[in-house]
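K.L.:
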Amino acid sequence: MAHAIKHSFNMLILCYTFFLLLDLSHNFAFAFTSQDYSNALEKSILFFEGQRSGKLPANQRVKWRGNSGLSDGSGSHVNLVGGYYDAGDNVKFGLPMAFTTTLLAWSVIEFGSSMHSQLGHAKEAIRWSTDYLLKAATASPDTLYVQVGDPNQDHRCWERPEDMDTPRNVYKVSPQNPGSDVAAETAAALAAASIVFKDSDPSYSSTLLRTAQKVFAFADKYRGSYSDSLSSVVCPFYCSYSGYNDELLWGASWLHRASQDTSYLSYIQSNGQTMGANDDDYSFSWDDKRPGTKIVLSKDFLEKSTQEFQAYKVHSDNYICSLIPGSPSFQAQYTPGGLLFKGSESNLQYVTSSSFLLLTYAKYLRSNGGVVSCGSSRFPANKLVELARKQVDYILGDNPAKISYMVGFGQKYPLRVHHRGSSLPSVRTHPGHIGCNDGFQSLYSGSPNPNVLVGAIVGGPDSRDNFEDDRNNYQQSEPATYINAPLVGALAFLSAESTAV
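Its first residue numbered 354, the sequence shown is counted upward by one per residue in our numbering.
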């Protein structure tokens, strides 16, 4: 009997040890190193080369892409060649492209010193967009060109950008058809980029800032939403649901930082109340800039004790508190596996933008030993870093499905990405034209994409951590530039933070 009890006890110990080892193996299997984050950073920037429109440069690294959209704008006698396709289609949408650019620039401004060998590539990614935005802003007086391509026609085809034969209509905002939202976001992008290039290319930086100021003045003087002016060619694709006040305050905030011109400080003080300064909003995206604006402006209070911006620290805290489990004002939704969940369509855009804001705010807080105040609770900067790291790690593979949502990173990642160029044979291997309707067999095929869109972050799993690697499920499998842009900064931060720990 005693022998049997001893045997059972030993078996119990062995089982316990086995499951403990299993648990430890889970914990350590995804203990990402500084090198892992650096590798992911490199890929996250490389992705933008797969999204390029225009004539590709000699140093293009994504070799399966070719030149495209070389006559964009010619029908309206303007040069709109270049820029980025936003996601898996072949349209150049101005609002998400400008937001992508602002976030890429912000990533470099805050964390460029941690990018090392990737800093040059990050700046190239920004410049590919700002070169285009400068054309869009200066081609005609009192006009901003905000889109190339009719999305309704484009979406009826599944073809490579190199083969496009859909209408390349151009769309613009003007005094008669205003677009304060897209214009102010464009101003923010140019202003933020001017900071990036201030030391390395002062002349280009001056051009960016000067153009940003003109575009912002245009956005402010001729007020209105581009959704009203352009209706069915921007809606429902990139409707400005939040209106344009958030972009005006966001644009002014970036011009204040880039120019140090006191007129923008005055603008913020005079207009902040009516433009959402006191609104607590919990979603930061290409549409709604309010949480980002609060954090941009909180920097001056946290680092310089500029009293005019103390209220922005309070509202930044409110946003951060909403994300922290255990906070009295916690209200975010997380999946059972721990992923922030905002919506079923392209949810990872909110995860990457929130993670970037968490890490940027943590940096600002560390500058003066500040904390986040959530009612009676206080959270130090390290708590924000911990939360953001969990989100980034989930994306990179530390999740119930054990899949990396970054294409080309890790052992298992999405193979059937909703992306025309990636899913069709490359022009390098199949130079013959593939027509509008001929590509649909690739869309519906169960085969992996022939061209790996390295670094792309897809839309991501659902609220129960389930992911369908299905090219036709665009909600989960479509990448986008604005998903990647904030992740660039987050990965740079974590690569350096992991070294320091």
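Virtual Cβ for every residue (Gly too), placed ideally from N, Cα, C. Bear in mind that the values here come from a model prediction, so they are computed numbers and not experimental data.
Between phenylalanine 654 and the ligand FAD, is there a pair consisting of the residue's CB and a ligand heavy atom that are separated by less than 8 Å?
P.N.:
The ligand content of the structure shown is nil, which means the ligand FAD is not present either.
K.L.:
Rounded to whole angstroms, what is the Cα-Cα separation between alanine 849 and isoleucine 810?
P.N.:
21 Å
K.L.:
Ordered along the chain, which non-local residues of its own chain (more than five positions away) have a Cβ less than 7 Å from that of alanine 572?
P.N.:
Taken in chain order, the residues that qualify are Ser533, Ala536, Ala537, Ala540, Leu601, Gly604.
K.L.:
Taking the straight line between their C-alpha atoms, what separation do you get for arginine 769 and glycine 813?
P.N.:
13 Å
K.L.:
Between the Cα of phenylalanine 732 and the Cα atoms of Tyr747, Leu711, Ala833, Gly596, which residue gives the shortest distance?
P.N.:
Ranking the options by Cα distance to phenylalanine 732, first place goes to Leu711.
K.L.:
To the nearest angstrom, report how far apart phenylalanine 385 and histidine 786 are at their CA atoms.
P.N.:
43 Å
K.L.:
Tyrosine 635 and tyrosine 672 look like a contact to me (Cβ under 8 Å); what is the Cβ gap, rounded to whole Å?
P.N.:
6 Å
K.L.:
Would you kindly report the start and end of the unbroken alpha helix (DSSP H) that includes arginine 643?
P.N.:
643 to 657
K.L.:
By Cβ distance below 6 Å, which residues in the same chain neighbour serine 816 in space, the five residues on each side in sequence not counted?
P.N.:
Hits under 6 Å: Thr688, Phe694.
K.L.:
Using C-beta distances below 6 Å, list every residue in its chain close to histidine 379, excluding the 5 sequence neighbours before and after it, in chain order.
P.N.:
In this prediction, histidine 379 has a pLDDT of 40, which is less than 50 and means its spatial position is unreliable; nothing more can be read from the coordinates.
K.L.:
With arginine 731 as the anchor, note down where its beta strand (DSSP E) starts and where it stops.
P.N.:
730 to 733
K.L.:
Any idea what DSSP makes of histidine 407, helix, strand or coil?
P.N.:
Here residue 407 turns out to be glycine, not histidine, going by the sequence shown. The answer is strand: DSSP assigns glycine 407 an E or B state.
K.L.:
Using a threshold of 9 Å, state whether the C-beta atoms of glycine 761 and arginine 513 are closer than that.
P.N.:
It is not a contact, given that the beta carbons lie outside the stated cut-off.
K.L.:
Taking Cβ positions, are glutamine 858 and serine 553 nearer each other than 9 Å?
P.N.:
Nothing can be reported for residue 858: it is not among the residues displayed for the chain, which extend from 354 to 854.
K.L.:
How far does the beta strand (DSSP E) with valine 523 in it reach, from first residue to last?
P.N.:
523 to 526
K.L.:
Starting from the C-beta of isoleucine 836, find all residues in its chain whose C-beta is less than 6 Å away, skip the five residues before and the five after it, and write them out in chain order.
P.N.:
Leu701, Gln702, Thr705, Ile810
K.L.:
Pairing CB atoms from the stretch 488 to 496 with CB atoms from the stretch 459 to 474, are three or more of them under 8 Å?
P.N.:
For the pair of segments examined, the stretch 488 to 496 was found not to touch the stretch 459 to 474: the number of CB pairs separated by less than 8 Å stays below three.
K.L.:
Where does the unbroken alpha helix (DSSP H) through valine 535 begin, and where does it stop?
P.N.:
533 to 549
K.L.:
Cα separation between histidine 668 and lysine 647?
P.N.:
7 Å
K.L.:
Would you kindly work out how many angstroms separate the C-alpha atoms of valine 745 and glycine 428, rounded to a whole number?
P.N.:
43 Å
K.L.:
Can you tell me whether DSSP reads alanine 838 as helix, strand or coil?
P.N.:
helix
K.L.:
Report, in whole angstroms, the separation of the C-beta atoms of glycine 313 and glycine 422, which I expect to be a contact under 8 Å.
P.N.:
With the chain covering 354 to 854 only, the question about residue 313 has no answer from this structure.
K.L.:
How many angstroms separate the CA atom of serine 708 from the CA atom of serine 616?
P.N.:
C-alpha separation (whole angstroms): 32 Å.
K.L.:
How big is the Cα-Cα spacing for tyrosine 369 and leucine 749?
P.N.:
With a pLDDT of only 37 at tyrosine 369, under 50, the local geometry of the prediction cannot be trusted, and the value read off the model is given with reservation. Rounded to the nearest angstrom, the two C-alpha atoms are 29 Å apart.
K.L.:
Are the CB atoms of phenylalanine 455 and alanine 545 nearer to each other than 9 Å?
P.N.:
Residue identity differs from the one stated: residue 455 is threonine in this sequence, not phenylalanine. For threonine 455 and alanine 545, yes; Cβs fall inside 9 Å.
K.L.:
Tyrosine 620 and histidine 609 - do their beta-carbons sit closer together than 9 Å?
P.N.:
In this structure, histidine 609 sits near tyrosine 620, with a CB-CB distance shorter than 9 Å.
K.L.:
In its own chain, which residues sit with a C-beta less than 6 Å from the C-beta of phenylalanine 654, not counting the 5 before and 5 after it?
P.N.:
Counting only Cβ-Cβ distances below 6 Å, and skipping sequence neighbours, we find Phe662, Gln663, Lys666.
K.L.:
Would you report the Cα separation of phenylalanine 383 and aspartate 751, rounded to the nearest angstrom?
P.N.:
6 Å
K.L.:
Which of the three DSSP states is assigned to valine 745 in this structure?
P.N.:
helix
K.L.:
Would you tell me roughly how many angstroms separate the C-alpha atoms of lysine 765 and arginine 509, rounded to the nearest one?
P.N.:
31 Å
K.L.:
Between the C-alpha atoms of tryptophan 511 and glutamine 794, what's the straight-line distance to the nearest angstrom?
P.N.:
Their backbone Cα atoms lie some 9 Å apart in a straight line.
K.L.:
Please report the straight-line C-alpha distance between leucine 433 and threonine 453, rounded to a whole angstrom.
P.N.:
18 Å
K.L.:
From which residue to which residue does the alpha helix (DSSP H) around leucine 861 run?
P.N.:
Outside the shown range of the chain (354 to 854) lies residue 861, about which nothing can therefore be said.
K.L.:
Cutting at 6 Å between CB atoms, please list the residues of its own chain near glycine 465, excluding the five before and the five after it.
P.N.:
Leu472
K.L.:
Who are the near neighbours of serine 612 in its chain, counting only those whose CB is closer than 8 Å to its CB and skipping five residues on each side?
P.N.:
Ala544, Leu562, Gln566
K.L.:
My output table needs one value for serine 726: the three-state DSSP class, helix, strand or coil.
P.N.:
strand
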